[in-house]
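Residue numbers (my numbering): 56 to 1079.
Structural data, given as structure tokens:
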């Protein structure tokens, strides 16, 4: 503390100005206080203050966050100007770890941190999406581009076939997701990637831990800010499809190759005037907007932050049926009750409203229909004879205004007019969420000793309603009876945590320790009901009480759940001169999800670090100014098996005829088998890391190698279908993930020019080490009703596509004859132009025994590049993100050519004669070689690697002297573009498509996914 001595003072008004010692900039919001009293004030926008000093006052205290506190003896002065020096220790970057905040320089785990500016740099719907491409080893994938969709996050690969979602901790409260948060309310996000860092969260840390800290108020003047943008969205690309003439040519070719005649005569082709591009019909430009108003401030004893936010997005497909709105309110506060006690609260309320269309459906999805529907059908039917015919239908193919849709005459069945599908789509969801926690902190007279108790509550409710009106799509695809379904649910989760911590420094030795307990108790209920045959048709009347079902047709259900978790945890840490670092944690958890045989689990960790740059032999080095080696081992768990997952379940079973009149009576019995020996998923991981800084930290880098083995994976034991029950939850195997991560940052400051570039990349190798059943395999879902399969198998990645290897196209009969086993043709039904399949097992035939690993649906490489620069108020930022190594089934390539569906133009490169192509087979209606029915071959599974310009932003901040004239301390305006460029070989709608089945690992099917939108935004940041 710096003290300046001047002569004695009398009662008077004192004025002055406070500036920063480093650059002389004016400091608003500095606390100026008469020592020993409550009399004080704060500096204004220009760093000026004016304070009436009582008689007898001797000193003024000047304090401001990030600067060293100073006192000045008043004496006879009436004007006191002062410069505050930066507090180097406070300015050193800190990160949030489990139940602690640490200086980044002494962290020994693999922790990635994303700060507020990076979170809001790229406008996103979901706060979790802000991690995409900015943290090495963290794969962030939008499940869909549809407004309000979830985000899939995987930390260091796929470790489980049941659940791979990390644990989220928002201001100390454990959560399953952060969809409800306003990204503008977040101060920082830390990702605990290694098991040692996550072990303090024990049974919930196996998938990594994401710590979210929301913004808090700061002592000083009240600050009001607005952050918002408005924009327009569009499809980033459309799939090139065959036009009407190409379509007719292809189907003529398919018929001729099958020995038939022309499907379309030359006259048909010449007279056709219809060439419908269905993508142009379904894709539209759609608005997007976000607005947040925040107010913060306070005194040395109390601070607060309040915000309200709104996010609205309409879909680029059927925006009236696909849209999302989120409303948020936040209030954070902190109060110093006395010298020894502090309390505070963090409260947020969120409401979400969503409408959505059917996607990822191989038969009924809007996007699937738009890609496969023939171009010869008109959107609307205007032919008088057809209108007269449709007038006679009991269920008419019309929209709400009575206009008839065009109906294909090309033999389509499941594939229908996508505009009719949109018209008959009615689905809406709404949810409310309240999250709050209050805390009290006690710091008794022992220096370094602190006790904190937190009580959090998470309360939510939701409702869903869907309506299927009577509909006529074609002569084999109709909805003759209307139906409605409604569901609703509510839950409440309580969390109480108590932590006693102690920090002490003995000369060059620093010691810290903590002990804590966690109690969580949650329960919820979900109810659902469905009815058919609505008495009054229409969305406005689509409620279950409008159904006319008799009692045997009514559908009702209820699901109750309860979950309890009790935990004891502790941590000890030691460092010597901030040079040699050592820490250990342990957590003991008990979960209601498991039976008495395995209810409790123990999760320890150890970490060590050596800051070599603190050694004498490196201290004088002009190049390497920071060098740290890290090593850690930890064990974490996963208890996400569902409430009471070890017990058997009872429920409704099929009805049975009873009595002489054979009355159908619903049954009731076991629906899931029990497993009292079910136990935790447990993951053990070793992490080795290096942190290095060069040239006064102008260049910094981080490297990590990890190896994580996950044992006793939680899953469902397959049982024969004739049992009529679902197999029990059981521990099915072991998976290993190991890989490398690297990040590199370069920062340059040269006068008014600032430049920062950060690059990161990671590689993950995934392998199943053990499968706990007879043949070492577990089969996943099939592909499009063919024998295709996702597979979990020892020695292979989790999961992989289990399919047929191909070796090009047969160019002539000689190649077919040469493809034989001891003179017997391996593909006796093949003709020139057909796919050559590989006889993997060498038995002379192609069958299911020839299926092998033909690719995995999870990327092994991921990378990101973030560039920022600013000069005299102008700023430019650019963010690239990409992934590589994954395969995806393009389900938009249907397998039955005879149904008359359309195809992408890249199939123009099909085989038409010897030497024409080795990529795509010939077109034929007589597909005896299964060219189109084997969707699980190397022709239909594509490379889903991509590189995307996720965001490009250009902004301008008005000079301070101009903005102040308008009463503002800051005014910035910017333009921004998202998903402006995409480089990919994937031919589907979007290489980021991610589709999961019942289990989290089963992914990689693109059945017509809703693509990410390209958007153009105009934004404004204002601070008052």
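All residues carry an ideal CB built from backbone N, CA and C; glycine is no exception. Values in this document were obtained by computation on a predicted structure and should not be read as measured data.
Verify whether the separation of the beta carbon atoms of residue i and residue j is less than 8 Å.
| i | j | result |
| --- | --- | --- |
| residue 302 | residue 957 | yes |
| residue 1043 | residue 947 | yes |
| residue 107 | residue 90 | no |
| residue 307 | residue 977 | no |
| residue 871 | residue 900 | no |
| residue 420 | residue 1068 | no |
| residue 422 | residue 471 | no |
| residue 588 | residue 226 | no |
| residue 165 | residue 742 | yes |
| residue 294 | residue 432 | no |
| residue 192 | residue 248 | yes |
| residue 183 | residue 691 | no |
| residue 388 | residue 359 | yes |
| residue 634 | residue 669 | yes |
| residue 628 | residue 583 | no |
| residue 235 | residue 405 | yes |
| residue 209 | residue 763 | no |
Using 10 angstroms around the beta-carbon of residue i, count the other beta-carbons present and answer buried if the total reaches 16, otherwise exposed.
| i | result |
| --- | --- |
| residue 731 | exposed |
| residue 455 | exposed |
| residue 1053 | Low per-residue confidence applies at residue 1053: pLDDT is 44, beneath 50, and the placement is therefore not dependable, though the value from the model is reported in the following sentence. So residue 1053 counts as exposed. |
| residue 256 | buried |
| residue 475 | buried |
| residue 934 | buried |
| residue 424 | buried |
| residue 447 | exposed |
| residue 603 | exposed |
| residue 914 | buried |
| residue 844 | buried |
| residue 943 | buried |
| residue 840 | Confidence at residue 840 is low in this model, with a pLDDT of 47, below 50, so its placement is unreliable and no value can be given for it. |
| residue 804 | exposed |
Out of the options, point me to the one whose CA is closest to residue i's CA.
| i | options | result |
| --- | --- | --- |
| residue 555 | 105, 495, 425 | 495 |
| residue 244 | 173, 541, 313, 298 | 173 |
| residue 461 | 798, 430, 406 | 430 |
| residue 937 | 818, 995, 891, 864 | 818 |
| residue 343 | 926, 921, 374, 941 | 374 |
| residue 967 | 981, 927, 305 | 305 |
| residue 131 | 86, 69, 233 | 69 |
| residue 449 | 525, 401, 923, 435 | 525 |
| residue 789 | 441, 486, 851, 392 | 851 |
What first and last residue would you give for the beta strand (DSSP E) that runs through residue i?
| i | result |
| --- | --- |
| residue 389 | 378-391 |
| residue 784 | 784-786 |
| residue 286 | 275-290 |
| residue 825 | 808-826 |
| residue 344 | 341-353 |
| residue 1016 | No beta strand (DSSP E) holds residue 1016; the alpha helix (DSSP H) holding it covers 1015-1020. |
| residue 75 | 67-75 |
| residue 1029 | 1025-1039 |
Since I believe residue j is in contact with residue i (beta carbons under 8 Å), could you give me their beta-carbon distance rounded to a whole number of angstroms?
| i | j | result |
| --- | --- | --- |
| residue 117 | residue 97 | Not quite, the Cβ-Cβ distance comes to about 11 Å (not below 8 Å), so this is no contact. |
| residue 345 | residue 411 | With a Cβ gap of about 20 Å, residue 345 and residue 411 do not count as contacting. |
| residue 516 | residue 534 | Incorrect: roughly 31 Å between the Cβ atoms, too far for contact. |
| residue 568 | residue 505 | Not quite, the Cβ-Cβ distance comes to about 11 Å (not below 8 Å), so this is no contact. |
| residue 638 | residue 163 | 6 Å |
From which residue to which residue does the alpha helix (DSSP H) around residue i run?
| i | result |
| --- | --- |
| residue 528 | Careful: residue 528 lies outside any alpha helix (DSSP H), inside the beta strand (DSSP E) at 526-529. |
| residue 421 | 421-427 |
| residue 217 | Segment: none, residue 217 is in no alpha helix (DSSP H) and carries neither H nor E. |
| residue 335 | 333-337 |
| residue 175 | 171-176 |
| residue 126 | It is not in any alpha helix (DSSP H) - residue 126 instead sits in the beta strand (DSSP E) that spans 125-128. |
| residue 305 | 299-312 |
| residue 97 | Where residue 97 is concerned, there is no enclosing alpha helix (DSSP H), although the beta strand (DSSP E) it sits in stretches over 95-97. |
Taking 7 Å as the cut-off, is the CB of residue i close to at least one heavy atom of the ligand COA?
| i | result |
| --- | --- |
| residue 213 | The ligand COA is absent from the structure shown, which contains no ligands of any kind. |
I'd like to know if residue i contacts chain B, where contact means its C-beta is closer than 8 Å to some C-beta of that chain.
| i | result |
| --- | --- |
| residue 126 | Protein chain content of the structure displayed is limited to a single chain, and chain B is not contained in it. |
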